Amino acid sequence: MPTKSESDDRSPRLLLTIDVEEDMPDWKITDPITTANAEALPRLQEMCDALGVKPTYLCTHPMVTQSVPSRILGELARAGRCEIGAHLHPWNTPPYLGIPGVDADERTIPYYMSRLGPERFAKKLATLTTAVADLVGKAPVSFPRRALRPRRGDLCGPAAVRLHDRHVGDAAREPRGRRRPRFPRGPRGSLLSEPRGSVRSGDLPIVEIPVSVSLTRNVPRAVRLAYVRIPAATRIRGILSRDFLGIVDYAWLYPARFDLGEMTAAARSLHAAGHPFLNVFFAFERAHPGASQLVRTREDADRCVARLRGILDHCIRELGAVPATLEEGGRAAREWIAARGAAR
Numbered sequence: 557m558p559t560k561s562e563s564d565d566r567s568p569r570l571l572l573t574i575d576v577e578e579d580m581p582d583w584k585i586t587d588p589i590t591t592a593n594a595e596a597l598p599r600l601q602e603m604c605d606a607l608g609v610k611p612t613y614l615c616t617h618p619m620v621t622q623s624v625p626s627r628i629l630g631e632l633a634r635a636g637r638c639e640i641g642a643h644l645h646p647w648n649t650p651p652y653l654g655i656p657g658v659d660a661d662e663r664t665i666p667y668y669m670s671r672l673g674p675e676r677f678a679k680k681l682a683t684l685t686t687a688v689a690d691l692v693g694k695a696p697v698s699f700p701r702r703a704l705r706p707r708r709g710d711l712c713g714p715a716a717v718r719l720h721d722r723h724v725g726d727a728a729r730e731p732r733g734r735r736r737p738r739f740p741r742g743p744r745g746s747l748l749s750e751p752r753g754s755v756r757s758g759d760l761p762i763v764e765i766p767v768s769v770s771l772t773r774n775v776p777r778a779v780r781l782a783y784v785r786i787p788a789a790t791r792i793r794g795i796l797s798r799d800f801l802g803i804v805d806y807a808w809l810y811p812a813r814f815d816l817g818e819m820t821a822a823a824r825s826l827h828a829a830g831h832p833f834l835n836v837f838f839a840f841e842r843a844h845p846g847a848s849q850l851v852r853t854r855e856d857a858d859r860c861v862a863r864l865r866g867i868l869d870h871c872i873r874e875l876g877a878v879p880a881t882l883e884e885g886g887r888a889a890r891e892w893i894a895a896r897g898a899a900r
């Protein structure tokens with residue numbers, strides 16, 4: 557019989573990363589900035605405590621500086637019930653130096669950080685990380701890559717990523733390349749979903765643990781690769797999905813979008829493939845009615861939180877996953893990457 561520590565070493569790490577943002581109903585900036593959705597935090601934390609999960613709250617500047625959310629987050633962090641990371645919304649993080657090429661007040665426009673350039677980015681990041689450190693007594697070490705790398709895939713530039721690393725040492729994937737970060741395009745589900753041949757070491761001490769995405773059936777790697785490369789115009793993936801033939805689909809571990817059955821099938825597939833991490837993503841305003849078109853009523857919020865509880869409980873009880881913060885997961889990822897490199 558393996559010891560508990562030996563068993564835990566082979567068990568997947570269960571991460572819960574939660575975006576903690578100011579009120580932005582349907583992604584619209586409020587004037588003035590409000591944080592009424594902070595009232596959902598204690599309820600969400602109580603659920604995590606009951607499951608033995610320490611969430612990683614990725615917080616914007618208003619959430620760590622306005623009185624109500626900062627008090628709640630500070631108390632949770634000081635009690636050791638969570639990790640506090642940084643999530644930069646440039647339009648509400650000083651200094652306000654404008655958006656290059658845009659003749660408008662940047663505080664009125666939700667925009668991607670890639671538009672800032674390295675110097676503006678570094679100044680705003682310094683403001684945010686200092687605010688987090690003032691609140692919880694230590695600088696944040698976790699930062700969402702989706703904020704660094706927007707939809708078009710462009711980063712704020714190698715210099716900005718290096719500045720970012722000096723500030724926060726992100727739990728994000730190690731980029732490829734020796735002189736500039738290049739993130740490899742892989743199967744839907746990202747780097748660590750593929751146990752073989754998908755990790756590359758770079759010069760930056762940054763590792764990424766992506767939100768877990770997988771097919772809802774465990775199939776050979778070649779089939780997974782073929783599936784994600786099917787051209788969207790063919791609509792073949794739609795035909796294969798549960799809406800038609802019910803053969804195979806994909807799902808994120810993302811309770812705001814996917815139902816519990818889809819998420820548990822994806823988690824089982826990842827576990828069967830030997831994935832070392834199960835990373836559940838949640839935007840905490842989904843626990844607060846009126847935050848978006850997806851959550852209009854208390855019943856909507858309750859259903860969303862129930863799906864979150866369900867997938868966390870499934871990963872722990874059925875798959876033997878061990879809860880960890882993103883910082884702890886980052887350390888485990890570095891060890892996992894190093895062990896794979898030594899084995900080659």
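In this text, residue positions in the sequence shown follow this note's numbering: the first is 557, and each later residue adds one.
Here a beta-carbon is modelled for each residue, glycine too, at the ideal position from N, C-alpha and C.
Keep in mind the model is a prediction, meaning the values are calculated, not measured.
{"Query": "N- and C-terminal bounds of the alpha helix (DSSP H) containing THR649", "Result": "It is not in any alpha helix (DSSP H) - THR649 carries neither H nor E in the DSSP assignment."}
{"Query": "The region 812-824 touching the region 762-771, judged by at least three CB pairs closer than 8 Å", "Result": "yes"}
{"Query": "Spatial neighbours of ILE683 in its chain, beta-carbon cut-off 8 Å, leaving aside the 5 residues before and after", "Result": "The residue asked about is misnamed: residue 683 is Thr in this sequence, not Ile. Only HIS617, THR649, PRO650 and PRO651 meet the Cβ criterion."}
{"Query": "Distance, VAL692 Cα to ASP869 Cα", "Result": "29 Å"}
{"Query": "PHE699 (DSSP reduced to helix, strand or coil)", "Result": "coil"}
{"Query": "Sequence-distant residues of its chain with Cβ nearer than 6 Å to ARG842 (five each side left out)", "Result": "ALA812, VAL851 and CYS860"}
{"Query": "Boundaries of the alpha helix (DSSP H) in which ALA857 is found, first to last residue", "Result": "854-873"}
{"Query": "Exposure of ILE765, with buried meaning 16 or more beta-carbon neighbours within 10 Å", "Result": "buried"}
{"Query": "Collapsed DSSP secondary structure at ARG756 in the structure displayed", "Result": "Model confidence at ARG756 stands at a pLDDT of 47, short of 50, so the residue's coordinates are unreliable and nothing is read from them."}
{"Query": "Delimiting residues of the alpha helix (DSSP H) encompassing ARG569", "Result": "Taken as a continuous stretch (DSSP letters only), ARG569 belongs to no alpha helix (DSSP H), being part of the beta strand (DSSP E) at 569-576."}
{"Query": "Identity of the residues DSSP links to GLY641 by a beta bridge", "Result": "LEU614"}
{"Query": "Contact between the region 875-893 and the region 617-635 (3+ Cβ pairs under 8 Å)", "Result": "no"}
{"Query": "As assigned by DSSP and simplified to three states, the class of LEU672", "Result": "coil"}
{"Query": "Own chain residues within Cβ distance below 7 Å of THR853, not counting five before or after", "Result": "PRO845"}
{"Query": "Assigned secondary structure, PHE833 (DSSP; H/G/I helix, E/B strand, else coil)", "Result": "strand"}
{"Query": "Classification of ILE640 by the beta-carbon crowding that lies within 10 angstroms, buried from 16 upward", "Result": "buried"}
{"Query": "The beta strand (DSSP E) enclosing PRO598, as first and last residue numbers", "Result": "Run containing PRO598: none in the beta strand (DSSP E); it sits in the alpha helix (DSSP H), 597-607."}
{"Query": "Helix, strand or coil at LEU771 [DSSP, three-state]", "Result": "strand"}
{"Query": "Identity of the residue in ASP805, LEU600, ARG890 and GLY630 nearest PRO832 by Cα", "Result": "ARG890"}
{"Query": "Option nearest THR612 by Cα separation, candidates LEU600, TYR810 and LEU571", "Result": "LEU571"}
{"Query": "Element boundaries [beta strand (DSSP E), containing PRO625]", "Result": "Premise fails: PRO625 lies in the alpha helix (DSSP H), 623-634, not in any beta strand (DSSP E)."}
{"Query": "TYR783 - DSSP class collapsed to helix/strand/coil", "Result": "helix"}
{"Query": "C-beta atoms of VAL624 and PHE840 nearer than 7 Å", "Result": "no"}
{"Query": "Of the residues THR685, PRO598 and LYS610, the one placed nearest PRO646, counting alpha carbons only", "Result": "THR685"}
{"Query": "GLY608 versus VAL763, ARG637 and THR664, residue with shortest Cα-Cα distance", "Result": "ARG637"}
{"Query": "Nearest residue (CA-CA) to VAL697, options ALA888, ALA895, ILE893 and LEU882", "Result": "LEU882"}
{"Query": "Cβ-based neighbour list, GLY885, same chain, cut-off 8 Å, excluding 5 preceding and 5 following", "Result": "ARG569, LEU571, ALA727, ILE765, PHE833 and ASN835"}
{"Query": "Cα-Cα separation, MET669 to CYS604", "Result": "31 Å"}
{"Query": "Check whether LEU597 and ILE574 have beta carbons under 7 Å apart", "Result": "no"}
{"Query": "Beta-carbon spacing of LEU816, ARG863 below 7 Å", "Result": "yes"}
{"Query": "Nearest to LYS610 (by Cα), restricted to the options ARG777, ALA633 and ALA782", "Result": "ALA633"}
{"Query": "Counted within 10 angstroms of its Cβ, other Cβ atoms place ALA895 as buried (16 or more) or exposed", "Result": "exposed"}
{"Query": "Helix, strand or coil at ARG736 [DSSP, three-state]", "Result": "Bear in mind that the predicted position of ARG736 carries a pLDDT of just 31, short of 50, making it too unreliable to give a figure here."}
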